[in-house]
Amino acid sequence: MKEALFYKKQDNNVVCEACYRNCFIQENQTGFCGVRKNIKGKLYSLVYNKPVAVHIDPIEKKPIFRYLEKTNTLSIGTMGCNFDCAFCQNYEISKIDQKEIFQEIITPETIVGLAKQNNCSSISYTYTEPTVFVEYALETMKLAKQNNLKNIWVTNGYMTDQVLEEISKYLDAVNVDLKGDKQFYLDVVNNIDLEKVKQNIKKIYKKGIHIEITNLLIEGYNTKKQQIEEIVEFIANISKEIPIHFTRCFPCYKLTNIKPTKIETIKQAKKIAEEKGLKHVFVGNV
Ligand code: SF4
3 MKEALFYKKQ
13 DNNVVCEACY
23 RNCFIQENQT
33 GFCGVRKNIK
43 GKLYSLVYNK
53 PVAVHIDPIE
63 KKPIFRYLEK
73 TNTLSIGTMG
83 CNFDCAFCQN
93 YEISKIDQKE
103 IFQEIITPET
113 IVGLAKQNNC
123 SSISYTYTEP
133 TVFVEYALET
143 MKLAKQNNLK
153 NIWVTNGYMT
163 DQVLEEISKY
173 LDAVNVDLKG
183 DKQFYLDVVN
193 NIDLEKVKQN
203 IKKIYKKGIH
213 IEITNLLIEG
223 YNTKKQQIEE
233 IVEFIANISK
243 EIPIHFTRCF
253 PCYKLTNIKP
263 TKIETIKQAK
273 KIAEEKGLKH
283 VFVGNV
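The working numbering applies: residue 3 is where the sequence shown begins, and numbers increase by one.
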């Protein structure tokens with residue numbers, strides 16, 4: 003276990019400041035993500051050096067299409083997530099019981115060594131939400147930089163300013179999920195403030211970090227023309243050069259009753275984005 007970086011103490015309780023949930027955590031309890039625990043008045047990461055997935059992927063699988071094209075990236079992720087999306091496509095690792103935390107130690111040195119041995123150009127912090135394993139990600143990112151490797155976050159964009167400022171020092175590219183409108187974030191993602199995600203997207207862009215956006219389309223939930231237009235207009239107002247990926251959703255986790263997103267819906271979203279002037283519009287899972 004590693005003491006967490008982003009929290010404050012309140013007597014024997016702690017407030018986690020890694021993401022905007024800002025969990026108030028009593029002794030022997032974990033925060034919403036299940037992997038940050040108050041032990042005797044200090045907050046600890048339960049997943050430091052404990053990835054549940056380590057894979058070599060084409061960078062396009064993140065998806066990142068307009069940066070380091072046609073290279074491989076070493077992808078890592080631990081258990082736990084600060085969101086509870088009803089449609090989570092990775093729920094086997096994002097939703098956890100603490101007893102299930104993978105116990106094999108894989109240090110940042112090993113991760114960087116694996117990336118170099120396998121001719122990867124970058125390391126991606128992905129699969130679940132890197133904010134919840136930020137201590138492990140940061141150590142790996144620092145070492146990656148020293149070894150001329152790039153760092154990529156695939157994120158829901160709900161990290162606090164403190165986290166964003168710290169990771170920005172070592173971050174080269176990001177894919178942020180922009181999932182739907184305000185009500186969708188409250189109901190389907192589970193009580194999340196969309197404005198915080200949007201503010202972070204703007205901040206990341208202003209910092210000059212390469213950014214791409216993914217919008218997973220769930221038939222009947224976030225596929226109204228108006229919902230897609232809202233996302234597209236938000237991005238276009240920042241820059242029409244920001245790539246967007248519309249991806250298909252399949253029945254999963256709490257949404258087992260849905261149908262896979264229609265190809266026609268994905269095509270319609272692409273058309274809307276192109277009509278609004280976005281220059282790099284892609285589709286995925288089709
Ligand atoms: S990172 Fe986890 S513990 Fe910290 S505020 Fe977010 S959900 Fe809560």
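Every residue gets a Cβ at the ideal spot worked out from N, C-alpha and C, and that includes glycine.
The shortest CA-to-CA distance from E266 to any of C254, E277 and R250 is the one to R250. Relative to ligand 1, the beta carbon of V134 is positioned inside 6 Å of a heavy atom. Between G36 and N14, the beta carbon gap of about 20 Å keeps them out of contact (Cβ cut-off 8 Å).
The straight-line gap separating the alpha-carbon atoms of I108 and A117 is approximately 13 Å.
A distance below 8 Å between beta-carbons, with the five flanking residues on each side excluded, links Y93 to the following residues of its chain, in chain order: C254 and Y255. Judged by the Cβ position, N84 qualifies as a neighbour of ligand 1 at the 6 Å threshold, a heavy atom of the ligand being closer than this. The three-state secondary structure of F248, taken from DSSP, is strand. Taking a cut-off of 8 Å on C-beta distances, the stretch 199–210 touches the stretch 224–243, as three or more cross pairs fall below it. Minimum Cα-Cα distance from L7 among the listed residues E29, I274 and Y50 corresponds to Y50.
The alpha-carbon of Y160 is positioned some 23 Å away from that of L257.
Here the stretch 130–145 makes contact with the stretch 70–82; the two share three or more CB pairs at distances below 8 Å.
Its chain contains S170 as the residues whose beta carbon lies nearer than 6 Å to that of K209, once the 5 sequence neighbours on both sides are disregarded; these appear in chain order. Straight across, the Cα-Cα distance linking Y129 with N40 is about 25 Å.
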